[in-house]
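Colleague: Take 1 as the starting number for the sequence shown in the working numbering and just add one per residue. After the structure tokens below, expect a handful of questions from me.
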Amino acid sequence: MKKNKNFESRFWSGRKKHSALRLMDVFFQFHDLITAKERLNCIMQYAAQRKTRIPEDPSVVFHFHQSLRSFLRAGWCMRNKQGKWLVHTLPGQSSPLSQGSLTEEEYRDPATVFQKAFKEYDLEKFEEFLAEAVYFSLGTFNNVPEHKMVGPYLHLIKMLDAAWLILKRPIEIQPHQNSYITTENTGSLMKA
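Here is the structure:
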């Protein structure tokens, strides 16, 4: 039996324990992909501007910060799941819009996005970036954030796209693990 980790999601999701995949599913129930990316983009824009404050209600921004922080912790656990959501052939009619910000390689195996992101920045750096972006977007300051924020921002956008893709893609567990196949990531396993 797998042990569920505490991703500090009780404040925003109402539950204390989730699996990484289940937490990502709950995250997208609260914030659809487009809204999450737009809100993160808005936070970044206002964090970089001096003497301006984000017009959104601070409680909404704080709620988003808490849920995105839990999302990052779930992504940290997903970084070793390479190959689990691998697609060997891409559909011929796949549009570039369906890939989002992902490259072809990342689209085939979205878990590599988490691997690359957490190879470049550790969880603490991502949480620092998120706290700093929210802090500077909520106030009017004469100075701007001290750290470079573009790298973690781009990785976070890719992680949102990859998580969305993982949740929408059926899982095929490799033959050497078990002979089970599932049609939905949140569904139960059935004997193949």
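Every residue, glycine too, gets a C-beta built ideally from N, C-alpha and C.
(1) On the three-state DSSP scale, how would you describe F28?
(2) Under the rule that 16 or more other beta-carbon atoms within 10 Å means buried, what is T140, buried or exposed?
(3) Does G75 come out as helix, strand or coil in the three-state DSSP assignment?
(4) Which residue marks the beginning of the alpha helix (DSSP H) containing H155, and which one marks its end?
(5) So what's I228 in DSSP terms, helix, strand or just coil?
(6) Whole angstroms is fine: what's the gap from F28's alpha carbon to A133's?
(7) Given a cut-off of 8 Å, decide if V113 and M159 are closer than it, judged by their beta-carbon atoms.
(8) Using the C-alpha atoms, what's the distance from E128 back to S137?
(9) If L40 sits next to L72, beta carbons under 8 Å apart, how far is it from one beta carbon to the other, in whole angstroms?
(10) Using DSSP with H/G/I as helix, E/B as strand and the rest coil, what is A131?
(11) Can you grab the Cα-Cα spacing for the pair T183 / A36, in whole Å?
(12) Could you check if R50 is buried or exposed, using at least 16 other CB atoms within 10 Å of its CB as the buried criterion?
(13) I think L130 touches S70, with their Cβ atoms under 8 Å apart; what is that distance to the nearest whole Å?
(14) What's the call for F64, buried or exposed, on a 16-neighbour Cβ count within 10 Å?
(15) From F62 to A117, what does the alpha carbon distance come to, in whole angstroms?
(16) For the alpha helix (DSSP H) containing Q45, list its first residue and its last residue.
Modeller: On the basis of the supplied data:
(1) Three-state result, F28: helix.
(2) An exposed status is given to T140, since fewer than 16 other beta-carbon atoms sit within 10 Å of its beta-carbon.
(3) DSSP places G75 in helix when its eight states are reduced to three.
(4) Here the alpha helix (DSSP H) through H155 covers V150 to K168.
(5) The structure shown does not extend to residue 228, since the chain is modelled only from 1 to 192, so the question has no answer here.
(6) The straight-line gap from Cα to Cα measures roughly 21 Å.
(7) In this structure, V113 lies closer than 8 Å to M159 by Cβ.
(8) Taken atom to atom, the span from the alpha-carbon of S137 to that of E128 is near 14 Å.
(9) 12 Å between Cβ atoms; not a contact.
(10) Reduced to three states, the DSSP call for A131 is helix.
(11) Unreliable positioning characterises T183 in this predicted model, as indicated by a pLDDT of 40, which lies under 50. The coordinate reading is nonetheless provided below. When rounded, the distance between both Cα atoms is 26 Å.
(12) Exposed: under 16 other Cβ atoms inside 10 Å.
(13) Contact between L130 and S70 is ruled out by a C-beta separation of about 11 Å, above the 8 Å threshold.
(14) With 16 or more Cβ atoms within 10 Å of its Cβ, F64 is classed as buried.
(15) Taking the straight line joining both Cα atoms gives about 23 Å.
(16) Start and end: L33 to A48.
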